[in-house]
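Residue 283 in numbering that gives the first Met the number 0 sits at position 284 of the sequence shown; the count goes up by one each step and never skips. Read the structure below first, then the notes.
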Amino acid sequence: MKPTEPLTGSDFYRFFQCPHWPYWERFGDLADRRPLTKEEEQRMSDGLAHERDIVSKQFGTSDDVSEITNVDEGVTRTLELMRAGAAVIYQGWLRDGDWIGRPDLLERQPGKSLFGDWYYVPLDVKRAHELKKEHMCQLSFYAILVERAQGFFPSHPSIINGDGERLSFDAAAFQSEFASIVEQLERIRSGEMPAPVYRKSCKDTSPWGAACLRLAESRRDIALLFNVDVKKLKALRSLGVLTIDDAAIMDIDELEGKIVGLTRNALEAVRRQAESLVRGSVMIRKPFMDPTRGLEIHFDIESYPPEDLDYLFGFWLPDGYKAFVAENAKEEEHLWKDFLAWIETLPERYTVYHYANYEVTRLSVLAKRYGGDDSASLIRFRNSMVDVKEIVREQVVFPLHFYSLKAIAKFLGFAWEGDVQGGGESILAYERWLNAGDRKVLDAITQYNREDVQATAHVLIWLRKYAKEIQNFTKPFPWTN
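In structure tokens form, the structure reads like this:
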């Protein structure tokens, strides 16, 4: 089968979120596709809402090609500008055969190319504060298209975020890995369906999550197992472990050492997860050792990705809920300074519980953005943080596909009762708040955050009560009575 639609930069982002996403877009049943708004599409591509403002702030004026929607016209105009030596080209078009790319920016650099004593390097505006594989693949794709236009490979393309940070990488050194991803995408374009994969980003990010789950469930595929990445899935399948039933009874002594990287510990983790899923049981692997020292605090951040904005810091304390709220982007710094002032009032000993690494990451971003990184109180706060998800992953096995806070807490009997039920809904709700200023919407988000920190506390309470010793629980579970 010949490739159907062109290969684009979006295919790389989609592939890293869900390997089936580029396939379903070409060959899937549209009835299975969750509809996405333009804003959701932008968020999913890691874009920023005020991209033009960032470009203007960083580069001043630029030659704008964004209004051209026809590929032929866009490519023609972009090449005209490149030949003329335009300093910065915004939303230009690049094409070679059925590869079509549209980097956010093409920046002129001194050097040699077919155009003269200059060449162009592709840049993308992203909200990220670190380079990810999908960014590197997209930029490598654009770099190759630029090379085919100008006769010179721009070896250090970059992303630029809302804080003006430019994160570049050596695209030449990345070519081998990039070629492997391209090979997989070309097979997909030709009609080859990838082996089943079901990860959290299939469910939350890709609009095709339901199709991914149905495919995996129809085969009882090992893709249903939590924390088994694509590399491990491939290794297990090569050993004949295809289903969760196979994985639950696999002979670890026989399989150990047959594939580099598939260690005994990894095989045991896979078998435990499969046993839990097949039997519907909860396994306590290690007794829970309570790390709480002093005051117990539960912490969760709500963010608005289109503006790279952290607008709500929520805390669950023994005397109730406390929140710091930024009602718009201009108030983010004020939120941060209020937070820094508050943590200076905390007692000498306290423990801050959070779920997953997001809060740790965002504290670093805001400290870099507004200051305070070297303050004694912030250092003490960071040193007091404990990730409940890491405790759960290390000590308990649940019969679940994902170990997100929502999945675990709901399994343990906690319920979110407000109008906002998830992270995606909170983003949409904050958009409504920004556009309409309806205080009830902001109150609903605050309730959602309060329930998030209460859910973290709920999981910790469960660990204290039910994970004190090594044992297995089967239905009916005692915490559901």
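Glycine included, each C-beta is placed from N, C-alpha and C at the ideal position.
1) Specify, as a first and last residue, the run of the beta strand (DSSP E) that V281 falls within.
2) Using 8 Å as the threshold, is the C-beta distance between S157 and R147 below it?
3) Using beta-carbon positions only, say whether A322 and T445 come within less than 8 Å of one another.
4) Identify which residue in F114, I221 and G96 has its Cα closest to the Cα of Q272.
5) Please report the Cβ distance between A127 and N160, rounded to the nearest whole angstrom; I am assuming they are in contact, meaning their Cβ atoms lie under 8 Å.
6) Using only the alpha-carbon positions, how far apart do Y22 and I180 sit?
7) Are the beta-carbon atoms belonging to T3 and S280 less than 8 Å from one another?
8) For D71, count neighbouring C-beta atoms within 10 Å of its own C-beta (all shown protein chains included) and say buried if the count is 16 or more, exposed if not.
9) Inspect the CB distances between the segment 344 to 362 and the segment 372 to 381 and report whether three or more fall short of 8 Å.
10) Excluding the 5 residues preceding and the 5 following L462 in the sequence, name in chain order all residues of the same chain whose CB lies nearer than 6 Å to its CB.
11) List the endpoints of the continuous beta strand (DSSP E) containing T350.
12) Taking buried to mean at least 16 other C-beta atoms within 10 Å of its own C-beta, is A375 buried or exposed?
13) Considering just the uninterrupted stretch of the beta strand (DSSP E) at F298, what are its terminal residues?
14) What does DSSP give as the partner residues of L166 in its beta bridges?
15) How many angstroms separate the CA atom of E95 from the CA atom of L6?
16) Could you give the DSSP three-state label for F513: helix, strand or coil?
17) If the criterion is Cβ atoms closer than 8 Å, does the pair G91 and T77 meet it?
18) What does DSSP give as the partner residue(s) for S112 in the beta ladder?
19) How far does the beta strand (DSSP E) with F401 in it reach, from first residue to last?
20) With C-beta atoms as the reference, is D309 less than 8 Å away from D451?
21) Note down, in chain order, each residue of its chain lying with its Cβ closer than 8 Å to the Cβ of P317, except the 5 sequence neighbours on either side.
22) Which term fits Q137, buried or exposed, when burial requires 16 or more other beta carbons within 10 angstroms of its beta carbon?
23) So, at 8 Å on beta carbons, what are the nonlocal neighbours of V419 in its own chain, with the 5 sequence-adjacent residues on each side left out?
24) Could you tell me whether the segment 352 to 369 touches the segment 245 to 263, using the rule of 3 or more Cβ pairs below 8 Å?
25) Could you tell me which of L212, D337, H400 and D437 sits nearest to N226, measuring between CA atoms?
26) Compute the distance between the beta-carbons of F14 and W20, then report whether it is under 8 Å.
27) Specify, as a first and last residue, the run of the alpha helix (DSSP H) that V391 falls within.
28) Going by C-alpha to C-alpha distance, which of P304, Y303 and V324 sits closest to L311?
29) Do the CB positions of H49 and E306 come within less than 8 Å of each other?
30) Put E106 into one of helix, strand or coil per three-state DSSP.
31) So, with DSSP's three-state summary, where would you put P477?
32) According to DSSP, is D62 part of a helix, a strand, or is it coil?
33) So, using beta-carbon positions, are S302 and R361 closer together than 8 Å?
34) What's the C-alpha gap between I407 and Y320?
35) Is DSSP giving D203 helix, strand or coil here?
36) Along the chain, where does the alpha helix (DSSP H) containing V452 start, and where does it finish?
If we stick to the structure as given:
1) V281 to I283
2) no
3) yes
4) I221
5) 6 Å
6) Between the alpha carbons of Y22 and I180 lies a distance of about 14 Å.
7) T3 is not a Cβ neighbour of S280, given a cutoff of 8 Å.
8) exposed
9) yes
10) F287
11) Y349 to H353
12) exposed
13) L294 to Y303
14) Paired residues: I158.
15) Before going on, a small fix: residue 95 reads as Asp here, not Glu. Distance between the alpha carbons of D95 and L6: 10 Å.
16) Nothing about residue 513 can be read from this structure; the chain reaches only from 0 to 480.
17) yes
18) G115
19) In the DSSP assignment, F401 falls outside any beta strand (DSSP E), carrying neither H nor E.
20) no
21) For P317, where only same-chain residues beyond five positions count, the Cβ hits under 8 Å are L294 and E295.
22) Q137 comes out buried.
23) S425, A428, A443, I444, Q446 and Y447
24) no
25) H400
26) yes
27) Its alpha helix (DSSP H) spans residues V387 to Q394.
28) V324
29) In this structure, E306 lies closer than 8 Å to H49 by Cβ.
30) strand
31) If DSSP states are grouped into helix, strand and coil, P477 belongs with the helices.
32) strand
33) yes
34) 22 Å
35) Look at D203 here: in three-state DSSP terms it is helix.
36) Element bounds for V452: R438 to Y465.
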